[in-house]
Ligand SMILES: C[S@@+](CC[C@H](N)C(=O)[O-])C[C@H]1O[C@@H](n2cnc3c(N)ncnc32)[C@H](O)[C@@H]1O
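Residue numbers (my numbering): 19 to 263.
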């Protein structure tokens, strides 16, 4: 599982076990998630690294290859997961993720709705923020992306905190079962304004919405919809992040 529980021992005190997921750090732009398996090897241009040499070592250890090359074995965190996940879509990176989680006021125990799931970069950090008792319900209309995200969350041990559902959120909105139940809603959709009427029904009083839009036209369309239907609702706080094109 990713390192998410601050009450657990620091990763430097934890020892690598057979079956653990480790982040093999060669340099800042060469980072890979590897499942430790006794009898397996990791190979790179610096040589062959035997997994059996890793077992029992503390996370953070520098290990050597048969040719004297080295890598560091890091404990997985949501930050490192964002660096190693396979990109099936554009993803959010750490600078934006930090901002989003802070402004969404996501804390342990929160219920968060997200769409689209994409590659699950933000979802993984949201899951850590709601742990251990909250939950992230994430929706994507693309079946294969949803299924691969589900597999990734199994792989990184976050699946108990995340439910991935295939759904067209712009067309159908969020499911009625979440009416009035969401502490926060995050949208990273091409036409977020289509989902806003549903978002309003999902949020608890004082719940927070963040819609992430890459161009100002999307932000303007969303503001128009909010202006027509959401003004004067003090329980509804809206944050728009706008990246320049
Ligand atoms: C840019 S990606 C999201 C990336 C994600 N925030 C991350 O950090 O990995 C946008 C996602 O929205 C999904 N999407 C687009 N339209 C949708 C819709 N109507 N309903 C649900 N998901 C949708 C796409 O399939 C895509 O996976």
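Note that beta-carbon positions come from the ideal geometry of N, C-alpha and C, so glycine has one too.
| Query | Result |
| --- | --- |
| Straight-line Cα distance separating residue 115 from residue 143 | 7 Å |
| Per-residue burial, residue 37 [other beta carbons within 10 Å of its own, 16 or more giving buried] | exposed |
| Counterpart residues of residue 155 in DSSP-defined beta bridges | 131 and 181 |
| Contact belief for residue 233 with residue 204 at Cβ below 8 Å, rounded distance in angstroms | Contact flag wrong, Cβ pair sits at about 18 Å. |
| Candidates 35, 139 and 42: closest to residue 70 by CA position | 35 |
| Spatial distance of residue 15 from residue 51 (CA atoms) | No answer is possible for residue 15: the residues shown for the chain start at 19 and end at 263. |
| Beta-carbon contacts of residue 110 that lie in its chain and below 6 Å, excluding the five residues immediately before and after | 139 and 140 |
| C-alpha distance - residue 58 paired with residue 182, whole-angstrom precision | 32 Å |
| DSSP-derived helix/strand/coil call for residue 196 | helix |
| Contact test: residue 90 Cβ vs ligand 1 heavy atom, cutoff 7 Å | no |
| Length of the line joining the Cα atoms of residue 173 and residue 31 | 23 Å |
| Supposed contact pair residue 166 and residue 94 - C-beta distance, whole angstroms, cut 8 Å | About 18 Å; that fails the 8 Å criterion. |
| Bridge partner(s) assigned by DSSP for residue 202 | 130 and 226 |
| One or two residues paired with residue 76 in a DSSP bridge | 33 |
| For residue 235, the nearest candidate out of 136, 211 and 176 (CA to CA) | 211 |
| Residue 196 and residue 131 closer than 8 Å at C-beta | yes |
| Span of the alpha helix (DSSP H) around residue 270 | With the chain running from 19 to 263 in the structure shown, residue 270 is simply not present. |
| Residue environment, residue 158, which counts as buried when at least 16 other CB atoms sit within 10 Å | buried |
| Own chain, CB closer than 8 Å to residue 75, minus 5 neighbours either side, in chain order | 33, 34, 81 and 91 |
| Whole-angstrom distance between residue 20 and residue 87, CA atom to CA atom | 27 Å |
| Rounded straight-line distance, which links the Cα of residue 175 to that of residue 200 | 23 Å |
| Inter-residue Cα distance where the pair is residue 99 and residue 192 | 27 Å |
| Cβ neighbour criterion (16 or more within 10 Å) applied to residue 96 | buried |
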